[in-house]
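Residue numbers (this note's numbering): 37 to 184. For each residue, glycine too, the CB sits at the ideal point set by N, CA and C. Only a predicted model underlies this, so the values are computations on that prediction, with no experimental measurement involved. Encoded as structure tokens, the structure appears first; notes follow it.
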Amino acid sequence: VYCCQADGMIGLGCGARSYTNTLHYSNEYAVGAKGISEILQAYIQTADESFDYAHYGFQLNTEEQRRRYILLSLLSNEGLNCASYRQQFGSEVYADFPEFSELLALSLAIKDEDILQLTEFGIERSDTIGAWLFSEKVQELMQDYELK
């Protein structure tokens, strides 16, 4: 059974984003209509051999792997299984990220047994929660990227 937290994802096509156990990489991407159009046009004209390597990305250290696992889990219907996290990383999610108690205190998440799930209120704010989970390193990389 496929599990995005452990199996990784390969993105195909313009603006695609991919994850392996130790890498996060992507093609050029944009959020504005003009930038998207320019990137799409350039993508269509790109020579096949240019797709042999990733142009944007970084290696995930252990902390980044944990953050990605948590983020993908929280944004899935199943939520974050703390026992699976413990098995994967050999540590407790609340010890690694004590700030998670804020999600519960603000009613953005609920904990049922060993599962942490976003509430409807939390799902409505999932973009903000996701960004909140980004490490300082990832925030710096995002700021350095020239968004089209």
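Boundaries of the alpha helix (DSSP H) harbouring SER109: 98-110, taken from the DSSP string.
Annotation: SER62 is outside any alpha helix (DSSP H); the continuous beta strand (DSSP E) that includes it extends over 59-62. The C-beta distance from THR155 to LEU144 rounds to 6 Å, short enough to fall under 8 Å. Counting the other CB atoms within 10 Å of its CB gives GLN179 a total below 16, which places it among the exposed residues. LEU116 sits buried, since 16 or more C-beta atoms from the chains shown fall within 10 Å of its C-beta.
By the Cβ neighbour-count rule, HIS60 is buried, with 16 or more other Cβ atoms within 10 Å of its own. DSSP, reduced to helix, strand and coil, places ASP84 within a helical segment of the structure shown.
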